[in-house]
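Colleague: This is the structure I want to talk about, given as C-alpha cells.
Chains as they are written, first to last, in this note's numbering: chain A, 1 to 177; chain B, 178 to 659.
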C-alpha cells in the first residue's frame, strides 16, 4: 500500500468502526431476520469502502452511510424480500428519514445494554448470547436448557423485556440527572 | 387497533410472524409514532445483542452451569470436568474476553473492537489502548509482549504501559519479570525495557510494588527501579508513557498522512546544501554511546532514549569549521525534571581557548538555552544567568513529543528560539563568535549535572539560518499529532 492509500484506508476504518454499530442497528431495523441483516451489512460495508473516495471528508459519514444502507435494503426487499414477510417500503423510507435524529438515543441504549446484561446471572447471559449467535438452533438450545421450544421463545421474550426495561430506566435516570 | 404490539415485535424478531400479523405491524408502524419508536428500540436492542454475541464463547465449554435436570447428564458432566480438570484453568483464562481494544494508533492487527482473552500478543509497532472488563484503561506502547492472566492481571514481558484504574478495578495487577505492581485505584506506568530493569512510576494514587525484597508502597510522584534488592527510587519519568489522552491525536496524525509528509520533509533536508548533520535512529549502524533504542514518533520508527544519569550518545559533527549561522532543531520527548540541566547537544571543546563552542540544553525551569563560549549578552537582556534562554518553558508537566529549534546568527548577533514551530523569543548578543562544533554529546556531558531524561527522535544541525516560515513548515510536516 502506498502512504496515500494507507491513510485513505485508515480514514475509512476510523469512520467505519466508529459508526459500525449504528449502521448495523439501522439495517437490522429494516429486515426481519438477523441473518439477512448480516448479509446486507456485508454488502453495505463493501459499497461504503468502494464509494469512500467520492464521500466528501467534511460531510457526515454516518448520515451518508445510512443513505447507502437504505438503498441496499430497498434493493434487497425488492429482490429477495418479495415473497417474505417484510416491512413495507413506506416504513423503510420513514425509518430512513428518522435515522439520524434517533441515533444519539439508540447509541446510549446500546451502551446501557452492556451494563444491564452485567446484572444477569452468568448462565442466563450465556444462554442468551448463544441464542443470538449466527446459525444458532433454538430447538437445540431449548432442549439443552430443559425447555420446550415455545417455552424457550417465552424465556427469550422475558429476558428481552427485562433488558428493554432496564435500558429504558437507565436512560430515564440519565435524562433526569 | 389497541392490542399490545410487543408480541408482534417479538414474533417479527424471531422470524415467526404470519402474513396477517405482518400487515397489522406495517399498518400500526405507519400510523403510530409511539409504536414506531418502541419498535426501533426493540430492534436496536436486538442488533446490539447480536453484535455482542459475535465475540462470545459458550460457557458450556468451561463448566456445567447451564445444564441441569437429568442426573445422568450431571454425572457425565462431573466426569468430563474431572477429566478436564488439568486444562480447566486454561479454558477459563483463554475463553473469556478480558479486555477490548478501545483505540489504537499504528498497531496493525489490533483494530478497535477486537476482544482480547488469554492470548499472548507481540506488538511490534504502534500504540494500543485496552479497556479491561472492570474498566481499567491501559495504554501499551510497542515494542511490547503481553498477556492477560485474568481481566485483573496483565503479564507484561516487554513494553511500556500507562494504566488508569477506576475504583471498581482496584487491585489490578501488572506482572513484570522483575516483580508486580498492584494498583490501589490510581494512575501509574510500568516500563519493561528490552534490556534493563523494570520500573514503576506512580502519577496519582497508590501502588504496591512487590518484588524480591518485599512490598513497597509508592504514591503519586514516586518511581522505583525493580529487581535491585528492595528496589531503587528514581526520578519520575513524566514523559516516558503515552497516556490515553494522547492516543487520538497520534491516530489522527497517522490518518492524515503525517508519517509520509515527515519522510518527504526529511528527504528534502538531506539535500539541503547547508546540512551539517542529521541524526536519526531508524537506519544505519548504531551510533556509539549508552542509550536505549525505543519507538519514535511513528509506529515502528526508532528514537534514542536516555534513562540513566550516564546515558549519552557520541557525535562528531562539523569538524573544525566555523559557522557564522547555525540552526539546531530536534523532536524530543523529555521528562520534566527539577534537575539543573538536561543536555541536548554539548560540544567537548568548551573552553576559553575555543570561542564559539556550542551548548544546547534545557534549564531546570524547563526553558531552552543556547550558550556559545565567550559570547556576551547585549546590555539590557532579561536573562540573569549570562546566556540566551527561551522566554517560555518548552516542556509540559506531562510529556508529549515537542519540536525544539534555535537559530543563531553571529553577524546579526541574534539567537532566536522556537517551540513547536512557533517563534518564542529573540535574544541579542553584543559579542557573537561564529559557532563551532566538533566532537560532541547528546545526553550526559560531565557525568554530574548534565544529563538527559527522555527520547530524541531526530536532531538536525544546519549551517545556515532557517527562517520563521521554514521552521514552522518543518514542524508542521514532522508533527505526529493532528
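Even glycine gets a Cβ: it sits at the ideal position worked out from N, Cα and C. For clarity, every value in this text was computed on a predicted model and none was experimentally measured.
1) Taking the straight line between their C-alpha atoms, what separation do you get for residue 622/B and residue 616/B?
2) Per DSSP, which residues does residue 523/B bridge with? Please list them.
3) Taking DSSP as the reference, what is the three-state secondary structure of residue 489/B?
4) Give me the Cα-Cα distance between residue 370/B and residue 220/B, rounded to the nearest whole angstrom.
5) If the cut is a Cβ gap below 8 Å, which residues of chain B does residue 68/A touch?
6) Is residue 519/B buried or exposed, if buried means 16 or more other CB atoms sit within 10 Å of its CB?
7) Between which residues of its own chain and residue 527/B is the CB-CB distance below 8 Å, once the five residues before and five after are set aside?
8) To the nearest angstrom, how far is the alpha carbon of residue 51/A from that of residue 170/A?
9) Under the DSSP definition of a beta bridge, which residues are partnered with residue 318/B?
10) Kindly say whether residue 13/A, judged by its beta-carbon, lies nearer than 8 Å to any beta-carbon of chain B.
11) According to DSSP, is residue 294/B helix, strand or coil?
12) Under 7 Å between beta-carbons, which chain A residues line up against residue 423/B? List them in chain order, please.
13) Quick check: the Cα distance between residue 112/A and residue 130/A, rounded to an integer number of angstroms?
14) Let me check understanding here. Comparing Cα to Cα, which of 74/A, 159/A and 5/A lies closest to residue 120/A?
15) For chain B, find out if any of its Cβ atoms is closer than 8 Å to the Cβ of residue 101/A; answer yes or no.
16) Compute the Euclidean distance between the alpha carbons of residue 285/B and residue 76/A, then round it to the nearest angstrom.
17) Would you check if the segment 449-469 of chain B and the segment 567-585 of chain B touch, i.e. whether three or more CB-CB distances between them fall below 8 Å?
18) Can you give the Cα-Cα distance for residue 660/B and residue 306/B, rounded to whole angstroms?
19) With a cut-off of 8 Å, does the C-beta of residue 45/A fall near any C-beta of chain B?
20) Quick check: what's the CA-CA separation for residue 422/B versus residue 436/B?
21) Would DSSP call residue 578/B helix, strand or coil?
22) Pull the bridge partners of residue 152/A from the DSSP assignment, please.
23) Does any CB atom of chain A fall closer than 8 Å to the CB of residue 329/B?
24) Quick check on residue 163/A: does DSSP put it in helix, strand or coil?
25) I'd like the span of the alpha helix (DSSP H) that includes residue 216/B, first residue to last.
26) Strictly under 8 Å for the Cβ-Cβ distance: is residue 21/A near chain B by that measure?
27) Taking the CB atoms as reference points, tell me whether residue 287/B and residue 278/B lie closer together than 8 Å.
28) Less than 8 Å between CB atoms is the rule here; does residue 176/A satisfy it with respect to chain B?
29) According to DSSP, is residue 457/B part of a helix, a strand, or is it coil?
30) Could you tell me the alpha carbon to alpha carbon distance between residue 141/A and residue 230/B, rounded to whole angstroms?
31) For residue 308/B and residue 7/A, what's the separation of their Cα atoms in angstroms?
32) If we count Cβ pairs, one from each stretch, closer than 8 Å, do we get three or more for the segment 473-489 of chain B versus the segment 563-570 of chain B?
33) Using CA atoms only, rank isn't needed, just tell me which of 63/A, 155/A, 11/A and 73/A is closest to residue 39/A.
34) Could you tell me the alpha carbon to alpha carbon distance between residue 256/B and residue 132/A, rounded to whole angstroms?
35) Can you list the residues of chain B that residue 10/A reaches, using a CB-CB cut of under 7 Å?
36) When the Cα atoms are used, what is the spatial distance from residue 107/A to residue 290/B?
Modeller: The answer reads as follows:
1) 12 Å
2) 536/B and 618/B
3) strand
4) 49 Å
5) Here the premise fails: no neighbours, minimum Cβ distance about 17 Å.
6) buried
7) 534, 536 and 550
8) 38 Å
9) Paired residue(s): 304/B and 337/B.
10) yes
11) coil
12) Per Cβ cutoff of 7 Å: no residues; residue 423/B is ~17 Å from chain A at best.
13) 20 Å
14) Across the set 74/A, 159/A and 5/A, the C-alpha of 159/A shows the shortest separation from the C-alpha of residue 120/A.
15) no
16) Spanning the two alpha carbons is a distance of roughly 34 Å.
17) no
18) A query on residue 660/B cannot be resolved here, the shown segment of chain B reaching from 178 to 659 and no further.
19) no
20) 20 Å
21) coil
22) DSSP output for residue 152/A lists no bridge partner at all.
23) Output row for residue 329/B: interface = no.
24) helix
25) 210-230
26) yes
27) yes
28) Low confidence applies here, because residue 176/A scores a pLDDT of 45, under 50, leaving its location unreliable; read the following figure in that light. For residue 176/A, the answer is no, since every Cβ of chain B falls outside 8 Å of its Cβ.
29) coil
30) Their backbone Cα atoms lie some 15 Å apart in a straight line.
31) 25 Å
32) As far as the Cβ criterion goes, the segment 473-489 of chain B does not touch the segment 563-570 of chain B, which means the pair count is below three.
33) 73/A
34) Its pLDDT being 36, under 50, residue 256/B is placed unreliably by the model, and nothing is read from it.
35) 431 and 432
36) 16 Å
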